[in-house]
Every structure is written in structure tokens, then in C-alpha cells.
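For the sequence shown, this note's numbering begins at 14 and goes up steadily by one.
Glycine is no exception: its CB is placed at the ideal position from the N, C-alpha and C atoms.
The structure displayed is predicted, hence computed values, not measured ones.
Reviewing the structure listed below.
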Amino acid sequence: MIDLIEDKKEHRKRRKEAKRKDRSKYKKSVRKKHGQRLLEESKQRVENEILRRGRVVSIFSEQILIYSYGKNFTCTLRGVLKKEQLEARNLVVVGDFVHFARSDASEGAIWQIEQRKSVLTKMSKKGQKEQLIAANLDQVIITVATKEPPFDLAYLDRVLIATKRGRMKPLVIINKADLGFTKEIEEWVSLYQSLNIPIIQTSCKTGEGIEALKKKMRRKASVFVGLSGAGKSSLINTIMETTLPTQTVSEKSKQGRHTTTRSSLLRLKFGGFCIDTPGIQEFGLGKITKQELDMFFSEIAQRGRKCKFLNCTHSHEPHCAVKEACNDGRLSTLRLTSYFSLLQLVE
Ligand code: GDP
Ligand code: ZN
14 MIDLIEDKKE
24 HRKRRKEAKR
34 KDRSKYKKSV
44 RKKHGQRLLE
54 ESKQRVENEI
64 LRRGRVVSIF
74 SEQILIYSYG
84 KNFTCTLRGV
94 LKKEQLEARN
104 LVVVGDFVHF
114 ARSDASEGAI
124 WQIEQRKSVL
134 TKMSKKGQKE
144 QLIAANLDQV
154 IITVATKEPP
164 FDLAYLDRVL
174 IATKRGRMKP
184 LVIINKADLG
194 FTKEIEEWVS
204 LYQSLNIPII
214 QTSCKTGEGI
224 EALKKKMRRK
234 ASVFVGLSGA
244 GKSSLINTIM
254 ETTLPTQTVS
264 EKSKQGRHTT
274 TRSSLLRLKF
284 GGFCIDTPGI
294 QEFGLGKITK
304 QELDMFFSEI
314 AQRGRKCKFL
324 NCTHSHEPHC
334 AVKEACNDGR
344 LSTLRLTSYF
354 SLLQLVE
């Protein structure tokens, strides 16, 4: 009899526990479904031309500038979203696709924010907090120079990993081609071309590669990233030449180069957007996982499976398949050097 009561108690306890767990799951899924339903409803309203679809090009405090089918609109968040924004940071960022209701010819209220396909983040200087800079960018244009500043392979690899992490595509620009190429860069170019990373050599001085770069930027949203002095501003100026130069100039003079890290999307005359990010010359990668590292250096990871020791670091161990492959030229020592420098970032 006592056993039976104990059993019942135990059963009740377990049921309560299961219910508690169940309920939280239920709540979460309901919330997700609710969000999806709102988004679907909003899309329907866009189709029925009750709402308009547009893209956030800049944010100034409460005022959100939206570009939609050839027109600019200054919008604010509708009430319920304002409340949400108090709880969730980055509710709306530059590059977001939004649905808004027009209140007059140039103003409106944002009703819904679409899910982001990609995000560009930056590590904060203090600590390792990620800051969201922009959303839905297609490609990161990693700008390096042949000289001044010196070609830095580890930097390039760090940005390539960050690009992949943010679900964007990379495009490497080797600028200042007029200054000539070192052997290391030439080796690097052929190596990375064989790894299917698109590379364009450019020169703002001679105009080499500029048309090819424009073609790659057409109908895409891009961001330039690179060490200071690599030539990002010069490239943007060359590309934007016929594209509303006053907008860029006034944006810059309004904000002041050193006072803000706010970004804005610049519209390209030949179609597409380019992000202007004063203050983010480089974006830190922070820590990476071993999995990310192995994915990026897949040829090293693959070779490493043949090393004698399971946890071989490919630095001093005997019978290391990676070192052997480097010695007889089947693997690039350039890649291994970069691998070692990134290994230090593995958490
Ligand atoms: P950012 O810091 O990456 O924006 O670099 P800037 O665009 O300010 O360029 C830094 C310096 O490099 C400037 O003095 C430019 O004139 C120079 N520069 C930019 N592009 C080229 C190029 O293709 N060839 C040469 N020789 N110099 C360049
Ligand atoms: Zn090894």
C-alpha cells in the first residue's frame, strides 16, 4: 500500500516535471509560429500593396531612412516594435528589409522586419562582445595592398573566416597593383584561386581591374574591409564617381569621420549597394572554433588524419603527415604558417 502511494507521488512529480518542460517548449514554438504568421501576414499586405517593402539605408536615432523602389522614406517604428526594441538590441539595422506603411509621400511607419540572410558583426574593443553592424550583405570585399601596408596573409585569412561565419561571400581585392607584386603574393594568388576564392587585382592609379570590380558589385550589397591605407576609400571614390557624390560628401561632413561608427548603405548607380562604415577599418574575429579552423584549412585537416598522433599539432611531432606533405611541396607552407597563427585564436 505504502509502495503504491509512493509510486503515485513519484508519478505525479514526474508528470509535473514533464508538463513544466513541455509547456516551455510549447511556449517557444508558439512564439516562433506567431512570429512567422505575422511575417506571412505582412508579406501578404505587401503583395496587396497595403504595405511597401524597402531597405534600411541609415539610422539616425529614431529616424530610419528607407529606400524603396527609387524613393526614400523617413520612417519610425510602429508602437509595438518600439516596445520590442527596448528589450532586444539591434531590432533594426542598416541593410534590413522591412515592410512599412506610408503616412505621406516621404514618411511612414515600419510594421515588420524580415529575417536576416546574413549579418556583419564587429567585436567590441573591450571584452569580446559582438556588435551588429549591418544585415543582408552579399559580399565582403577584403582589400589588401601589394605594399603599404605590407601584405598580411593571416589578416586576410581571419577576415575570410569572419565572412563565412556571417554567411557572406568573399571577394579579395589586391590593390596598388601598379606598385608591383612580390613572389609571396603571386604564390598566394595562384594558391587561393585554386581554393576557389575570387580575386581581382586593381589599381586606383591606372584604373586596372576597376571595371571587373564594378561588375562583381552590380546588384549586390557589399562592404569594404581592409587594413588602413590599403585603398578602400580610394576604391569607393573611384567606383562611386558618377553616383550621387553629394550624398557621400554630406553624410561624411554631417557625421564627422572620427565621431561615429554608424554605417549607411550607399546606392550604386549601376545597381547595388555599398556600405560606408566610418570607423570600422578592420573587424576583429575574436575566438574561433577548431571546427571553423578545420573547415577553412580543409586540406591541412584532411592530411592531418594521417599523422601518427591523433592530437598532432603538426609542429614538432614525429611522423607528421602535414609536415611531410609541406616538405615535398604537396601542401603549401604559406597555408601552414597562416594555420599556426590562427590556431592561437581557437577557444
Ligand atoms: P584606406 O585607409 O583603406 O581607405 O586607404 P586610402 O584610400 O585612404 O588610401 C591610402 C593611400 O594609398 C592614399 O595615399 C592613396 O592615394 C593611396 N592609394 C590608394 N589606391 C592606390 C593604388 O591603387 N595605387 C597606389 N600607388 N596608391 C594608392
Ligand atoms: Zn601532424
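query                                                                                                   : result
The segment 109-128 contacting the segment 57-65, beta-carbon criterion three pairs below 8 Å           : yes
Straight-line gap, residue 271 to residue 308 (C-alpha atoms, nearest Å)                                : Its pLDDT being 41, under 50, residue 271 is placed unreliably by the model, and the measurement read from it follows with that caveat. C-alpha separation (whole angstroms): 37 Å.
Distance, residue 79 Cα to residue 53 Cα                                                                : 21 Å
Cα-Cα separation between residue 208 and residue 332, rounded to whole angstroms                        : 27 Å
Pair within 8 Å by beta-carbon distance, residue 248 and residue 188                                    : yes
Sequence-distant residues of its chain with Cβ nearer than 8 Å to residue 159 (five each side left out) : 187, 188, 189, 190, 192, 193, 194, 195 and 198
Per-residue DSSP class, three states only, for residue 120                                              : strand
Pairwise C-alpha distance: residue 45 and residue 280                                                   : 34 Å
Residue 239 Cβ short of 7 Å to the ligand ZN heavy atom set                                             : no
Helix, strand or coil at residue 339 according to DSSP, with G and I counted as helix                   : helix
Alpha-carbon spacing of residue 336 relative to residue 206, whole angstroms                            : 23 Å
As assigned by DSSP and simplified to three states, the class of residue 71                             : strand
Expected contact under 8 Å - CB spacing of residue 215 and residue 226 to nearest Å                     : 6 Å
Closer than 7 Å: residue 327 CB and nearest the ligand ZN heavy atom                                    : yes
Those residues which DSSP pairs with residue 172 across a bridge                                        : Residue 172 pairs with nothing; no bridge assigned.
Residue 76 to residue 51 span [Cα, whole Å]                                                             : 23 Å
Alpha-carbon to alpha-carbon, residue 63 and residue 349                                                : 56 Å
Short Cβ contact (8 Å threshold) for residue 327 with residue 317                                       : yes
Buried or exposed by the 16-neighbour rule on C-beta atoms within 10 Å, applied to residue 156          : buried
Which of helix, strand or coil DSSP assigns to residue 128                                              : coil
Near the ligand ZN: residue 338 beta-carbon under 7 Å from a heavy atom                                 : no
Residue 188 Cβ short of 7 Å to the ligand GDP heavy atom set                                            : yes
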